[in-house]
Every structure is written in C-alpha cells, then in structure tokens.
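Colleague: To convert, count from 1 in the sequence shown and add 3; that's the numbering used here.
To start, I am sharing the structure in question, which I have written as structure tokens.
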Amino acid sequence: MTQAYSNDEEMARELQRQFDREYELSVILEQEKKGKAAATVTVTPDRYYPKTAQDSDLSSDDEDVRQFVTDSLYAK
Numbered sequence: 004m005t006q007a008y009s010n011d012e013e014m015a016r017e018l019q020r021q022f023d024r025e026y027e028l029s030v031i032l033e034q035e036k037k038g039k040a041a042a043t044v045t046v047t048p049d050r051y052y053p054k055t056a057q058d059s060d061l062s063s064d065d066e067d068v069r070q071f072v073t074d075s076l077y078a079k
C-alpha cells in the first residue's frame, strides 16, 4: 500500500503509528508466550564442588600458616 504524503511530517507520523502497532503486537505475543509456558526455577544455596588435590594442598598450607602465627603470638 503505497501512499503519497504531502510532507515529511505526515509520513513520519504514519511510520511511527505503524512502528507503535508492531511493537504493541510483539509485546502482546511475548506476554502470551510467557503465559503459556509455565517454567519452574529452583534456587539452591550453593553447589557441591568436590575438592581437588590442589585444594587439599592449599588448605594444609593455610593450616600450617595459622599454626605458625598462633605459635609465634603465644611464644612472646
């Protein structure tokens, strides 16, 4: 449907109306899609990550440092 416009303002208004209609339709379609698809989300406080050999080494180093600092504080 080609229409002759007398000036640019009329053409801009018509294009904006068409854009607004398309946008409203897309919003309605998205809302309908979301309404039909009932999704369930479960949130857990944390995930289980198995310890690796590297983690074990780091934790023993931390314990050694803690022990050293504690000993040096109480040795004074």
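From the three backbone atoms N, C-alpha and C, an ideal C-beta is built for every residue, glycine too.
1) Could you have a look at Gln21 and say whether DSSP puts it in helix, strand or coil?
2) DSSP three-state label for Ser29, please.
3) Which value, in whole angstroms, describes the spacing of the CA atoms of Asp23 and Arg16?
Modeller: Answer, in terms of the structure:
1) Here the question's residue 21 lines up with position 18 in the sequence shown. Correct three-state label for Gln21: helix.
2) Stepping through the sequence shown from its first residue, residue 29 is reached at position 26. In the structure shown, Ser29 sits in a helix (DSSP, three-state: H, G or I).
3) The sequence position of residue 23 within the sequence shown is 20, counting from 1. The sequence position of residue 16 within the sequence shown is 13, counting from 1. Approximately 10 Å, taken between the alpha carbons.
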